Amino acid sequence: MINFVPISQDNTQQVFRFAHISDPHLSSLKDVPWRELLNKRILGYLSWRLSRRHIHRRDILKALIEDLDSRQAQHLLISGDLTHIGTPIECQQVKNWLNELGPASDISVIPGNHDAYIKTDKSQTTDLWASYMDGDAESKAAKMVFPSLRQRGPVAIIGVSSAVPTAPFFATGRIGNKQLELLAQILKQTREQGLFRIIAIHHGPLVDSNKFRKRLIDSERFRSVINAHGAELILHGHGHYPVSDILITADAEIPVIGVASASLLSSSKIKRAGYNVYDVNASSSDWKLQMQSFGYDQGTDKFLTREEKEFVLPRLQNSDISGQTL
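Going by this note's numbering, the first residue of the sequence shown is number 1269, and it counts up by one from there.
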């Protein structure tokens, strides 16, 4: 279990620290019944059998969590692909792992495309993680889990789901009109509250984030929502490699940061397992965001500092937003 540092209840703390991991693919398909594979899942099963079970390593994920535990984070964000093909057995394995990792109040989860591999009864799959995906009770939209909203200290963690079933050989994502409409409302509300708004999504939202068959289909509309209502940070996974971009809007330059898989053993040093830790610090006029990126070193079996960055972001007031509409 991760020993999370308690969050100040009186808003006197100066820095909020959280960690981001993605794409752990922690589940095993060893005991999955064959009847579960009589569809697109057979392709994912063969990929796991021939390759993924060897390169997505539970021992590396375990080492990552042990290293993360030493960073004194107050919250953990997991941006999807916790399974390989989203079967009920896998989703139960993920639920058990999450319960061992820490309480749902300290861990925020969104699903990835592998978790929504085919259309299925969600009560048997990703709904098993509902307590880790739900927003705060007072922020829930009727009968919709996403977009989720959790306020932790000075931060608003906004979960957006791009996980939808796709045709064979495709791993595209889609947010959908209803979710985008609610996202616009949440961004407006949390801006008025003066919060640092973090959007967590599985698929990278920029044009060049993913190949055509892995793209976010409605990324242009997502970006129009951000341009209209602002955000301070956008985090994603999906690509299995670390990337740092900027989304330029009418009012700000928003960091868009993708993280490596949390369990991947690769011949490429940059693609090996990694995670990021962020410190959010507020002043009267701006936000200071510090990022530390850690990567797996195969020689020492440890996670070493890969990169450090600092961003200074404006604290937008209502009058600072461009006024564009969705």
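By construction, the Cβ of each residue, glycine as well, lies at the ideal position given by its N, Cα and C atoms. Treat the numbers as computed from the prediction; the structure is a model and nothing was measured.
Nonlocal neighbours in the same chain, by C-beta distance under 6 Å from residue i, ignoring five residues either side
i            : result
residue 1556 : 1549, 1580
residue 1288 : 1345, 1503, 1527, 1544
residue 1413 : 1401
residue 1560 : 1545, 1576
Residue i to residue j span [Cα, whole Å]
i            : j            : result
residue 1410 : residue 1402 : Note that residue 1410 has pLDDT 49, beneath the 50 cutoff, so the model's placement of it is unreliable and the number below is only indicative. One C-alpha to the other measures close to 12 Å.
residue 1269 : residue 1348 : 20 Å
residue 1438 : residue 1510 : 22 Å
residue 1376 : residue 1318 : 31 Å
residue 1516 : residue 1522 : 6 Å
residue 1553 : residue 1584 : 9 Å
residue 1387 : residue 1316 : 20 Å
residue 1373 : residue 1567 : 35 Å
residue 1275 : residue 1420 : 7 Å
residue 1479 : residue 1524 : 17 Å
residue 1271 : residue 1306 : 41 Å
residue 1488 : residue 1364 : 37 Å
residue 1300 : residue 1416 : 31 Å
residue 1351 : residue 1542 : 18 Å
residue 1296 : residue 1334 : 21 Å
residue 1598 : residue 1343 : No answer is possible for residue 1598: it lies beyond the span of the chain, which begins at 1269 and ends at 1594.
residue 1536 : residue 1292 : 17 Å
residue 1359 : residue 1571 : 27 Å
residue 1454 : residue 1486 : 19 Å
residue 1539 : residue 1472 : 16 Å
residue 1336 : residue 1501 : 21 Å
residue 1391 : residue 1433 : 16 Å
residue 1338 : residue 1327 : 17 Å
Simplified DSSP state of residue i, which is helix, strand or coil
i            : result
residue 1298 : coil
residue 1400 : helix
residue 1303 : helix
residue 1528 : coil
residue 1496 : helix
residue 1566 : coil
residue 1275 : coil
residue 1287 : strand
residue 1357 : helix
residue 1391 : helix
residue 1384 : helix
residue 1367 : helix
residue 1577 : strand
residue 1556 : strand
Beta-carbon gap between residue i and residue j smaller than 7 Å
i            : j            : result
residue 1321 : residue 1531 : no
residue 1513 : residue 1474 : yes
residue 1424 : residue 1459 : no
residue 1497 : residue 1456 : yes
residue 1558 : residue 1578 : yes
residue 1427 : residue 1385 : no
residue 1582 : residue 1520 : yes
residue 1450 : residue 1493 : no
residue 1547 : residue 1283 : yes
residue 1356 : residue 1394 : no
residue 1329 : residue 1294 : yes
residue 1468 : residue 1495 : no
Same chain, Cβ closer than 8 Å to residue i, neighbours up to 5 away in sequence not counted
i            : result
residue 1470 : 1290, 1347, 1348, 1349, 1378, 1379, 1380, 1381, 1429, 1430, 1431, 1441, 1504, 1505, 1506
residue 1463 : 1419, 1422, 1423, 1424
Cutoff 7 Å; reference residue i; Cβ partners in own chain excluding five residues on either side
i            : result
residue 1340 : 1273, 1285
residue 1311 : 1436
residue 1404 : 1417, 1418, 1419
residue 1383 : 1348, 1349, 1350, 1351, 1354, 1394, 1431
residue 1569 : 1331
Check: residue i C-beta below 6 Å from any heavy atom of the ligand ADP
i            : result
residue 1437 : This structure simply doesn't include the ligand ADP, nor any ligand for that matter.
Along the chain, which unbroken stretches of the alpha helix (DSSP H) at least 4 residues long are found entirely within the segment 1407-1472?
Qualifying alpha helix (DSSP H) stretches, in chain order: 1445-1460.
Kindly provide the ranges of any alpha helix (DSSP H) runs that are 4 or more residues long and lie completely inside the segment 1300-1345, ordered along the chain.
Counting only runs of 4 or more, we get 1309-1315, 1326-1337.
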